[in-house]
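Oh and the first sequence: position 33 is 33 in the UniProt record's numbering, straight run, nothing missing.
C-beta: ideal position from N, C-alpha, C; glycine also.
Since the model is a prediction, treat every value here as computed from it, not as a measurement.
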Amino acid sequence: MMEMRYWLMKSEPSDVSIDDLASMPDQTVAWYGVRNYQARNFMRDQMRVGDRVFFYHSTCEEPGIAGIAEVSKLAYPDATQFEPENKYFDPKATPENPRWFNVDVRLIKKTRLVGIKELRGYPELANMRILQKGNRLSITPIDPAEWDFIMGIL
DNA sequence: GCCAACGTTGGC
DNA sequence: GCCAACGTTGGC
């Protein structure tokens, strides 16, 4: 059996919020627009169908975990890189040689908003990547112990 | 709006 | 391969 992995994925609710996700067909969204190699590599190389995801609201009034989701489709080329009018267009990418990839993410459930301030208050979560000073990575792995702890406080 | 931190770019 | 300049992220 394949090892289960856990992730935290940031989304700006003004772009795609947890409620937006809930209203989408199949409650699923393509995680388009990632233009950071480390985050891309997590999606392309490590994510598997069924991996669990904390859906995180960033750059908003109440940053924090807003729900639980799962990876529902393995990584495939991000369509927006080929669309000249799209803000995520990448002139160096071609369909033959795509540069950016995304998985699909499906909602499991909306949760209460667990704010970053609350997260910072738990010693058990002190090593979480998103709580480290200066962290900007939009996709980060979550330790199983951290996942379980957060599930326990939802 | 501020600004620290970080990633990328490009001249050399 | 270095590194200064620049752009972006994201909490506050």
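>> With three or more beta-carbon pairs closer than 8 Å as the criterion, would you say the stretch 35-45 touches the stretch 13-20?
In response: Counting Cβ pairs under 8 Å, fewer than three are found: no touch.
> In the structure shown, what three-state DSSP assignment does PHE149 receive?
Replying inline: helix
>> Helix, strand or coil for SER72? Go by DSSP, reduced to three states.
In response: Note: SER72 maps to strand in three-state DSSP.
> Where do the N-terminal and C-terminal ends of the beta strand (DSSP E) with SER23 fall, by residue?
Replying inline: Unbroken run through SER23 is the alpha helix (DSSP H), 18-23; no beta strand (DSSP E).
>> If contacts are defined as beta-carbon pairs under 8 Å, then LEU137 and GLN27 qualify, I think. What distance do you get, rounded to the angstrom?
In response: Not a contact, Cβ separation roughly 25 Å.
> Taking C-alpha atoms, which residue in ASN36, LYS10, PHE54 lies nearest to GLU146?
Replying inline: PHE54
> How far does the alpha helix (DSSP H) with ASN102 in it reach, from first residue to last?
Replying inline: In the DSSP assignment, ASN102 falls outside any alpha helix (DSSP H) and within the unbroken beta strand (DSSP E) covering 101-115.
> Who are LYS10's beta bridge partners in DSSP?
Replying inline: TYR56
>> Tell me the residue span of the alpha helix (DSSP H) that contains ALA39.
In response: 37-41
> When the Cα of LYS110 is compared with those of GLY64, VAL49, ARG129, TYR76, which residue comes out closest?
Replying inline: GLY64
> I think ARG120 touches LEU113, with their Cβ atoms under 8 Å apart; what is that distance to the nearest whole Å?
Replying inline: In fact, because the Cβ distance is near 14 Å, the residues do not count as touching under 8 Å.
> How would you write the range of the beta strand (DSSP E) that ILE139 sits in, first residue to last?
Replying inline: 139-141
> Between LEU107 and the rest of its own chain, which residues show a CB-CB distance below 7 Å, the 5 nearest in sequence each way excluded?
Replying inline: LEU21, ALA22, GLN27, GLY67, ALA69
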